[in-house]
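Each protein sequence line maps, in turn, to chains X and D.
Residues in the first sequence are numbered consecutively from 866, following my numbering.
Residues in the second sequence are numbered consecutively from 2, following my numbering.
These notes are about the structure you will find just below.
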Amino acid sequence: MKVLVIEDEKELSDSICAYLANEQFVCERTFDFSSSMEKILLYDYACIVLDVNLPGGSGLDILKELKTQNKTDGVLIISARNSLDDKVFALKTGADDYLTKPFHLPELAARINAIIRRKSFDGKNEITCNELKLDLGQKNVRVNNDAVDLTKKEYELLLYFISNKNRVISKNAIAQHLWGDNMDVADSYDFIYTHIKNLRKKLMQAGAADYIKSIYGMGYKFSV
Amino acid sequence: MKLFAKYTRINLLTTIIIFLLSATAFYFVIRYILINQVDNDLRIEEREIETYVHEHGVLPEPIPVKDQKISYALVDREFLKRKFTTEHFEGEGDSFRVLHFGITAGEKMYIATVAKSLEGTDDLTRSILLISLATILVILVTSLVINRVLLKKLWQPFYTSLDILKNFRVDKKQSLNFPSTQIDEFTFMNQTIGKTTNQAQQEYSLLKEFTENASHEMQTPLAIIRSKLDLLIQDENLSEDQSKTMQSAYTAIEKLSRLNQSLLLLAKIENNQYADTSRINLKDRIAEKLDAFHELWQNQNISVTSTLKDATINLNTELADILLNNLFSNATRHNFSNGTIDVALEEKQLKISNSSHENELNSRQMFLRFFSQDRKSRYNGLGLSIIKQICDVSGISIQYLFSGNEHRFILTW
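In structure tokens:
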């Protein structure tokens, strides 16, 4: 699957592509407005990661052009602007999601995965990962066809892990994912530990393998 | 003391002194001149007597004339000196100017005394004195009236400018408009005030812009650092020590980006970027928040009680969300395991209380930026100032109470 990263900050673009470059994604990059316009008109992408402030123009104009051309590429806006108005405007213009800088790369990967899933299965989708089966519509999990009773947060956590398979996710990224920007209580990492412990226990009790590994107390990895 | 009063007092005092001095001087000068006049008349009389004696050899008969007395006294020695005196005579109301001079008639030596009444002179000086006093009085009264009426009118633009200046807010965009005045000094003053306040507003807004821009510009490097850390921890060969180092870096970056976000938020609130308000159903909002925090509280064994009545508030949607998040986060993070949180929503009031081991907050400083009771705190000390700022721009009054080990915030609107 091809992903286009339109971001003028080269270092950030490097990081994004390095993180996304696994077996699943092929990353292409552009750094300014005109070359981005060229690319989006010539090729189709599963998802476009689009920065709003670009040299030579606004990312939102690229988004508008995509919509005028009736292109179905998924669009994830990344911007330093975090006001509700900006988000609403971008989503109304046709973006699929909006992520505020600074973000964690696992968060970006999870969002891109979600956009691609939504685009390809029309929302009626399932993720299968060995014996695990996640029904994204019903928001439930089955292990070898047996339902596992997870809390909302545990389900979100599992989905997040599966979107970042074989990657180390820092506790900070997990906290941010579960609690968002505004809740300034998330640095109680014990809480994340409890959540992950419960999730592991429930999955293993249902007969799943022990996928979640702790990495020196710094983060966790979902190894498949 | 008012400028008027001060000015009037000095003015009055000097006027009175000058008038009194000049009236006294005037009195003496007039009196001197008038007496000189009378002395001249007496001298003429003396010459007439001398001429008479010279021609007839005898003293003239004193003719009784009004206001004039002539008498002779026989002396045994020649009286050489001529002498002017002012005397009072028995039975006469007025004083007299008297000239004594020696005269020889028929080989006998006499002292002749010619006296002229000073009645007219006294009357004149008295009138002059009265007129002067009357003038002083009239001038004082008029100057008082002028001071009161005219000065008040003259100073009116000054007070108008002061009133306008009172409404000046450095964080408001509109500049001050002074009504035009014909007095150069006031025009100059208004221009200067206008220029200074405009400059202050400009610098203030530059400062605000700077804060906002600085926070904005910081987002990208922060995003880069964070993304590099996210990549770095993918390395299979990281040792435990290195991982710990990475964790510290993560925590610091987290703190920095939160700080940055909070500063940006404060700058935006000050910039009135959250001016659109809508009617918010607070009961629903709080119920949502209670739900969102539920697992967190459960995890820390914090028991939460809530009584929610229907309540609405005019508030910006985003700010409402941030306000509630901050209030609940605050009540959670300063709490302890097995602690309590109580939420009570009434029609026009929201009370949030939480148990805490921390001491009473200093009510004068608690809303200041970067204030934190405990210097080593993990939090940036902006939470309460954000709460306060949101309350301030939204017309909500916030009150803090402390009793036992319970901290309570009461929001009223």
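For glycine and all other residues, C-beta sits at the position ideal for the given N, C-alpha and C.
- A distance below 8 angstroms separates the beta carbons of X:ALA1040 and X:ILE1057.
- With fewer than 16 other beta carbons inside 10 angstroms of its own, D:LEU402 counts as exposed.
- Taking C-beta separations shorter than 8 angstroms and ignoring five residues to either side along the sequence, the partners of D:ILE323 in its chain run LEU266, ILE387 and ILE391, following chain order.
- The beta carbon of X:LYS932 does not come within 8 angstroms of any beta carbon belonging to chain D, so the residue lies off that interface.
- Contact annotation: the stretch 1025 to 1035 of chain X touches the stretch 968 to 983 of chain X, with at least three C-beta pairs closer than 8 angstroms.
- Shown here, D:LYS352 sits in a strand according to DSSP, grouped into three states.
- Within the stretch 312 to 328 of chain D, those residues whose Cβ lies closer than 8 angstroms to any Cβ of chain X are, in chain order, THR318, GLU319, ASP322, ILE323, ASN326 and ASN327.
- Only residues of its own chain outside the window of five on either side were considered, and among them VAL917 have a CB closer than 7 angstroms to the CB of X:SER923, listed in chain order.
- Nearest CB-CB separation between X:ASN1037 and chain D: below the 8 angstroms threshold.
- In the assembly as shown, D:PHE189 is an exposed residue. Its beta-carbon has fewer than 16 other beta-carbons within 10 Å.
- The beta carbon of D:PHE368 lies closer than 6 angstroms to those of LEU385, SER386 and LYS389 in the same chain, with the five residues before and after it left out.
- In the pairwise beta carbon analysis, the stretch 945 to 962 of chain X is classified as not touching the stretch 881 to 890 of chain X: fewer than three pairs are separated by under 8 angstroms.
- Straight across, the Cα-Cα distance linking D:GLN299 with X:LEU997 is about 28 angstroms.
- Using a Cβ-Cβ cut-off of 9 angstroms, X:ALA883 is close to SER228, LEU232 and GLN235 of chain D, given in chain order.
- By the Cβ test, the stretch 286 to 302 of chain D is in contact with the stretch 332 to 342 of chain D, since at least three Cβ pairs between them sit closer than 8 angstroms.
- Residue-level contact check: D:ASN238 does not touch chain X, since none of the beta carbons of chain X fall below 8 angstroms from its beta carbon.
- As computed with DSSP, X:ILE913 is found in a beta bridge with X:LEU869 and X:VAL940.
- For D:VAL59, the CB contacts under 7 angstroms within the same chain, skipping 5 residues up- and downstream, are ALA106 and GLY107 in chain order.
- Within 8 angstroms of the CB of D:GLU241, the CB atoms of chain X belong to TYR1081, in sequence order along the chain.
- If you keep only unbroken alpha helix (DSSP H) runs of at least 4 residues inside the stretch 975 to 1063 of chain X, you get 1017 to 1028 and 1036 to 1044.
- In the DSSP annotation of this structure, D:ASN191 is not part of any beta strand (DSSP E); the continuous alpha helix (DSSP H) holding it starts and ends at 185 to 233.
- Residues of chain X with a Cβ closer than 9 angstroms to the Cβ of D:GLN248 are, in chain order, SER1035, LYS1036, ASN1037, TYR1081, GLY1082, MET1083 and GLY1084.
- Any Cβ of chain D closer than 8 angstroms to the Cβ of X:THR1059 would place that residue at the interface, and such an atom is present.
- A contact is defined here as three or more CB-CB pairs under 8 angstroms, and the stretch 33 to 49 of chain D fails this definition with respect to the stretch 164 to 172 of chain D.
- For X:THR895, none of the residues of chain D pass the 7 angstroms Cβ criterion, the least Cβ distance being about 17 angstroms.
- Listed as beta-bridge partners of X:LEU906 by DSSP are no residues whatsoever.
- By the Cβ rule, the stretch 262 to 280 of chain D counts as touching the stretch 215 to 235 of chain D, because three or more pairs are nearer than 8 angstroms.
- Among the residues of the stretch 965 to 996 of chain X, those with a Cβ less than 7 angstroms away from any Cβ of chain D are LYS966, PRO967, PHE968, HIS969, LEU970 and PRO971, in the order of the chain.
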